[in-house]
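**Student:** Protein chains in written order, with the numbering used here: chain A, 1 to 142; chain B, 1001 to 1142. We put the CB at the ideal spot given by N, CA and C, even for glycine.
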DNA sequence: ATTACTGATACCAATTTAGTATCAGTTCAT
DNA sequence: ATGAACTGATACTAAATTGGTATCAGTAAT
């Protein structure tokens, strides 16, 4: 049961990388090299982040991307939702509004409680916090 | 982001179904029909539950399956683990013991916290509790 | 013997995941 | 005004996973 897929994983890394940089445009190529993310794959991911407003872009030479929000306002939950959709049970249980099989409903109820918890936790983990943690770690090692 | 796949879903349903039955052996066919689970698929799932001790079986005519533990001792977490493996981050982060990329480690730390929470919640949802809930619902409906 | 079962395992199609490639358009520097 | 360095959009692909099917062998009750 993999919680995060590569897209989410790479997206978070890219966002952290952008958040740690001084202002200015950063090229996909630079991020790709720094974070060891396959270039073309990263490009598609960035485009998706742009479409969702987490990142802004500037075309042409000297262009690139930068964060579209402040790091503290980007929750990991938002990133997960973009690339993996909302946390949900097994499909069939959401299709029918009335579960024909009551056993599902009971389990579903429980899982929705957990879902909310998880979503809440993930939205409190922001890129800003991750960056702060990172900096704290680096300061200790430095 | 689907939390439970069909195998886990069907396994839980089958376990609930078994737990609600009076003692005795129940055939895969009977469960399959009652719960509308594809027969061959269910058979494979039951075999896996048997291998893991959640279910016992008896071969031959008049045989079938029954719970291998009392319902209160079967947590959904256990079922999830059998069919979907332990909750984990994205693979790469677990491969290397030392993350070459520190950003991952920070995120990983947070997610491991959430993982534990989720696992804890899921292990407290037992087949026994689900059955009790189900019975309560049915009693209310008369 | 025959019927009703499980054990083991191989197979399959559809979907998803991770990654690649291409072409068009924009901006900057010279 | 040309070339290099960029993004936008989108099509393609191989491999893995998921959900489901099929088969054959063995066991037990009647």
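Straight-line CA distance for residue 5 of chain A to residue 112 of chain A?
**Tutor:** Rounded to whole angstroms, residue 5 of chain A to residue 112 of chain A spans 22 Å at the Cα level.
**Student:** DSSP on residue 69 of chain A, reduced to helix/strand/coil?
**Tutor:** Three-state result, residue 69 of chain A: coil.
**Student:** Based on Cα-Cα distance, which residue from A:76, A:136, A:110, A:114 lies nearest to residue 15 of chain A?
**Tutor:** Among A:76, A:136, A:110, A:114, the Cα nearest to that of residue 15 of chain A is on A:76.
**Student:** Report, in whole angstroms, the separation of the C-beta atoms of residue 42 of chain A and residue 32 of chain A, which I expect to be a contact under 8 Å.
**Tutor:** Residue 42 of chain A to residue 32 of chain A, Cβ: 5 Å. Contact.
**Student:** So residue 1037 of chain B and residue 1010 of chain B are in contact, right, with Cβ under 8 Å, and what is the actual spacing, rounded?
**Tutor:** Confirmed, about 5 Å.
**Student:** Does any residue of chain A have a CB that is nearer than 9 Å to the CB of residue 1002 of chain B?
**Tutor:** Residue 1002 of chain B counts as touching chain A.
**Student:** Can you tell me whether residue 116 of chain A is helix, strand or coil according to DSSP?
**Tutor:** Looking at residue 116 of chain A - three-state DSSP - the assignment turns out to be helix.
**Student:** Assuming residue 1008 of chain B and residue 1080 of chain B make a contact with CB atoms under 8 Å, what is their CB distance in whole Å?
**Tutor:** That pair is a contact at about 5 Å.
**Student:** Looking at the secondary structure, which residues open and close the beta strand (DSSP E) in which residue 27 of chain A lies?
**Tutor:** Looking at the DSSP string, residue 27 of chain A is not in any beta strand (DSSP E), and its letter there is neither H nor E.
**Student:** Helix, strand or coil: how does DSSP classify residue 126 of chain A here?
**Tutor:** Residue 126 of chain A falls in the strand class under three-state DSSP.
**Student:** What residues in the segment 1124-1140 of chain B have a beta carbon less than 7 Å from any beta carbon of chain A?
**Tutor:** Answer in chain order: 1125, 1130, 1133, 1134, 1137.
**Student:** When you compare only the Cα positions, how much space is there between residue 58 of chain A and residue 74 of chain A?
**Tutor:** Cα-Cα distance, rounded: 20 Å.
**Student:** Could you check if residue 133 of chain A is buried or exposed, using at least 16 other CB atoms within 10 Å of its CB as the buried criterion?
**Tutor:** The residue is buried, with at least 16 neighbouring Cβ atoms inside 10 Å.
**Student:** Counting only beta-carbon atoms, is residue 1087 of chain B nearer than 9 Å to chain A?
**Tutor:** Yes, its Cβ sits closer than 9 Å to a Cβ of chain A.
**Student:** Reducing DSSP to helix, strand and coil, say where residue 1034 of chain B ends up.
**Tutor:** Residue 1034 of chain B falls in the helix class under three-state DSSP.
**Student:** Which class does residue 6 of chain A belong to by DSSP, given the choice of helix, strand or coil?
**Tutor:** It is helical.
**Student:** For residue 27 of chain A and residue 64 of chain A, what's the separation of their Cα atoms in angstroms?
**Tutor:** Cα to Cα, the separation comes out at about 4 Å.
**Student:** According to the Cβ coordinates, are residue 1048 of chain B and residue 1083 of chain B closer than 9 Å?
**Tutor:** Going by C-beta atoms, residue 1048 of chain B is nearer than 9 Å to residue 1083 of chain B.
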